[in-house]
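So for the sequence shown, our numbering puts the first residue at 110; every next one is plus one.
For every residue, glycine included, the Cβ atom is placed at its ideal position computed from N, Cα and C.
First comes the structure, then the notes that go with it.
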Amino acid sequence: MTTRATEIWVGIFVAAGLAALFMLAMKVSNLASYSGDEGYEVSARFEDVSGLKVRSPVTMSGVRIGRVKQIDFDDQALQAVVVMEIEPHHNLLPKDTSASIYTAGLLGEKYVGLEAGGDEQNLVQGDEIKLTQDSLVLEKLIGQFVSKFMTEAGSGDK
């Protein structure tokens with residue numbers, strides 16, 4: 110009789126472990142916070158969106174207020190166009206809001222951070238955010254540092 114009880118407890122433990130793995134997978138994939146409410150879409154143009162992905166968070170003051178819905182390339186302007194879906198209850202963002210691409214931590218995921226302006230009119234469906242700051246790419250920074258270091262080292266020999 111003890112083997113039957115042991116088998117039941119092992120089954121419960123395995124089921125709890127699988128449920129925990131499922132919850133972890135949902136958290137990592139950013140699907141756990143999906144809401145069925147349709148928000149409004151705004152877009153922004155960037156020179157470089159390296160590392161930004163569809164479903165990346167859109168935040169304001171550190172609070173997630175939306176998600177990146179789509180990332181396209183404009184062949185005419187040679188810029189990346191990021192379409193963001195903002196949750197419907199965050200409908201008071203000023204028209205002169207600015208958008209920047211940040212990294213969570215040193216090597217974490219990229220996200221779009223919005224900063225409110227002072228305009229009295231608000232962003233509405235289909236508006237474009239004009240003030241943007243591109244993604245900071247670690248490889249470019251290291252390349253610039255090495256290039257400057259090598260230039261200074263080369264001129265110091267003379």
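Just reading off the beta strand (DSSP E) that residue i is part of, what are its end residues?
i    : result
K178 : 172 to 183
E196 : Looking at the DSSP string, E196 is not in any beta strand (DSSP E), and its letter there is neither H nor E.
V221 : 219 to 224
V167 : 166 to 169
Can you look up residue i in the DSSP assignment and give me helix, strand or coil?
i    : result
R113 : helix
T260 : helix
G126 : helix
E150 : strand
V119 : helix
Output needed for residue i: all residues of its chain with C-beta closer than 6 Å, excluding positions within five of it in sequence on either side, in chain order.
i    : result
M169 : L223
T212 : K219
R173 : P166
S209 : G222, Q242
S152 : V190, V192, E237
D60  : Nothing can be reported for residue 60: it is not among the residues displayed for the chain, which extend from 110 to 267.
L201 : N231
Among all the DSSP beta bridges, which residues are the ones paired with residue i?
i    : result
Q253 : Answer by DSSP bridge pairing: none, since Q253 is not bridged.
F155 : A189
L240 : S207
Using a Cβ-Cβ cut-off of 7 Å (strictly less than) and excluding sequence neighbours within five positions of residue i, which residues of its own chain qualify?
i    : result
E248 : none
T206 : L223, E224, A225, G226, L232, I238
Looking at the C-beta of residue i, does it have a partner C-beta in chain B at a distance below 8 Å?
i    : result
A208 : Of the protein chains in the structure, only one exists, and it is not chain B.
Going by beta carbon distance, what residues of the same chain come within less than 8 Å of residue i, once the five residues before and after it are set aside?
i    : result
Q230 : P203, K204
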